[in-house]
Amino acid sequence: MIWSSLTWTALAAFCVGVSSRKITPYTDGYINYTTVPGYFLQDDPTTNASTFNYTLTNFGLINRTYETTNNLAESLTQWQQFKQHVEAMNAAAPPNTVYKVLFMGRHGEGYHNVAESAFGTPAWNCYYAQLPGNGTLFWEDAQLTHTGIFQAEIAHNFWKNRIRIEKIPFPRSFYTSPLQRCLATANITFGDLSDLLSLDSPSSSSSSSSVFQPTIKDLLREKISIHTCDHRNSTATSLLQIYPHFLLEPGFSEFDHLWNGLTAESDTAHSIRMQNFLDDIFSHDEHTWISLTSHSGTIAAILRVIGHQGFRLATGGVLPVLVRGEFLPSSSSSCIEDGATSVTTMMTTMTSMVESSYYTTSTWCHNGPPVCYEAIREQHVTST
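Going left to right, the sequence shown walks through residues -20 to -1, 1 to 364 as mature numbering (1 follows the signal peptide of the UniProt record, and there is no 0) numbers them.
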């Protein structure tokens, strides 16, 4: 497990808001994350990730009974029972503990996925991934393919079905990677589902938290490598022109300063980044039901941080997890990396990590992008 230190004052304020109880004012602390098993099939080691279909299994929610809803079980759906159970867990939790349900969605198929399948993984990693495209396909900051759009539409329709039939709790907060494939996936999946919220919770229909207004967060981007598909090839200004209802996190840079095409992020650095992301969410977001639209590598890193078994999602896949966050004093654990409570500080940390030993020059065949990189990129820009 990886820890990061946090300013306890901010966490104290958060916990008081959630539990309405006073907590011990430690000076420094960290958050210990654990997966709470027993609620989703994806938590079970016997579940085969390669064949699992969330649309055939109610997002993987296990059919079970709950002590908190025994008298109402016949009149409530499984998701309604689970929601009441999570609410009861939060109500009964110590003042330093909070439970959140994360719906982690992988983007739909992108053109980089098609290219890797066409060229083969060795050739992709060795050569093609470092190009912006090949003159036919363009995969730098890859867009969704028609299949990827269809996968996002499947997710949209399944969410709509679950809201109407199962009264599934709709996420109250949405976060997405800044890469194009994730922005499009989130927009297609959740774009017009807010109209159905009155079926989930009539009292929340007029609440600002009911509106799909995702926050674009750099911490949610894919593991940074020399692959051009990991490069944000859009300015912050252009992202808001395409998605005017999206929000940029404070401190989001106009240009991508994290990808350079020469250095790659290690698994350790990626896990620390996702720890920082979770720290930010758990210490600042008051909502329990949260949607994350991201990438296979980033979701895998989150699973490592929360102690969940590995569960690789196919493109367009969705994985819900019940996560417990415990706010603990720093003396309870040795921290291997300082975290941060502000986005600006976290992004500064990320930038410095790019230049540190956490990032190493790639050894995939050569130490830089192919010499034809700019020529092919210019060819694509001219053709479009």
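Where is the CB? At the ideal position from N, CA and C, for every residue including glycine.
Cβ-Cβ distances below 6 Å link ARG304 to THR14, VAL16, TYR79 in the same chain, with the five nearest sequence neighbours on each side left out; the list follows chain order.
Under the DSSP assignment, PRO309 falls outside any alpha helix (DSSP H), being part of the beta strand (DSSP E) whose first and last residues are 298 to 309. In the three-state reduction of the DSSP assignment, TYR79 falls in the strand class. Under the three-state reduction of DSSP, ASN12 is assigned to strand.
Under the 10 Å beta carbon count, ARG44 is surrounded by fewer than 16 other beta carbons and is classified as exposed. In this structure, GLY128 lies near GLY88, with their beta-carbon atoms less than 9 Å apart.
By a beta-carbon distance limit of 8 Å, TRP269 contacts PRO149. Their separation comes to about 5 Å. In the three-state reduction of the DSSP assignment, ARG86 falls in the strand class. About 7 Å separates the beta carbon of GLY277 from that of HIS250, a gap short enough to meet the 8 Å contact definition. The beta carbon of GLY85 sits closer than 6 Å to those of THR273, VAL298, all from its chain and outside the five residues before and after it, given in chain order.
Here GLU245 carries a strand assignment [DSSP, helix/strand/coil]. Below 8 Å, too few C-beta pairs join the segment 66 to 77 and the segment 159 to 171 to call them touching: fewer than three. Counting of Cβ neighbours within 10 angstroms places GLU96 among the buried residues, the total reaching 16 or more. Collapsing the DSSP output to three states places GLY113 in a strand. Taking a contact as a CB-CB distance under 8 Å, the pair LEU163 and TYR223 counts as one, their CB atoms being some 6 Å apart.
Looking at the DSSP output, PHE20 bridges to LEU41.
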